[in-house]
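Asker: Going letter by letter, the sequence shown gives residues 3 to 95 in our numbering.
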Amino acid sequence: MLIGTCSMKVIMYEVSSLKGKRQILKSLIERIKSRFNVSIAEVGEQDKWKIAEIGFCCVSNSSKHVDEMINNVIHFIEMDGRVDITECQVEIL
């Protein structure tokens, strides 16, 4: 069994409040949950309204599948347009 984890920090330039941040993150997280088979949540920077830390993971029996899943989610986030990734740390256990 292999576990792939990814922790990333994202920045949102167009938000002006925590409410706006939560709306964007909730929408993004729900879209990722419905499209990909991963567990995902906001895991840090919850008191700042321009920055968020998102963590997600997937489990598989193939390292190739884990790597593809993580890269697909990262690409999906990059293409969203509402957030920019500033840091990204991937680990396969």
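Ideal Cβ positions, reconstructed from N, Cα and C, are used throughout, including at glycine.
All values derive from a computational prediction rather than experimental measurement.
Taking 8 Å as the limit between beta carbons, can you name the residues of its chain near residue 37, skipping five residues before and five after?
Answerer: Hits under 8 Å: 78.
Asker: Relative to the C-alpha of residue 81, which candidate in 45, 17, 3 and 33 has its C-alpha closest?
Answerer: The residue with the shortest Cα to Cα distance from residue 81 is 33.
Asker: Between residue 44 and residue 56, is the Cβ-Cβ spacing less than 7 Å?
Answerer: Contact: yes.
Asker: DSSP three-state call for residue 22: helix, strand or coil?
Answerer: Helix.
Asker: Measure the C-alpha to C-alpha separation of residue 70 and residue 10 and round it to an integer number of angstroms.
Answerer: Rounded to the nearest angstrom, the two C-alpha atoms are 17 Å apart.
Asker: Please list, in chain order, all residues of the same chain as residue 27 whose beta carbon is under 8 Å from its beta carbon, the five residues on each side excluded.
Answerer: For residue 27, where only same-chain residues beyond five positions count, the Cβ hits under 8 Å are 44, 54 and 56.
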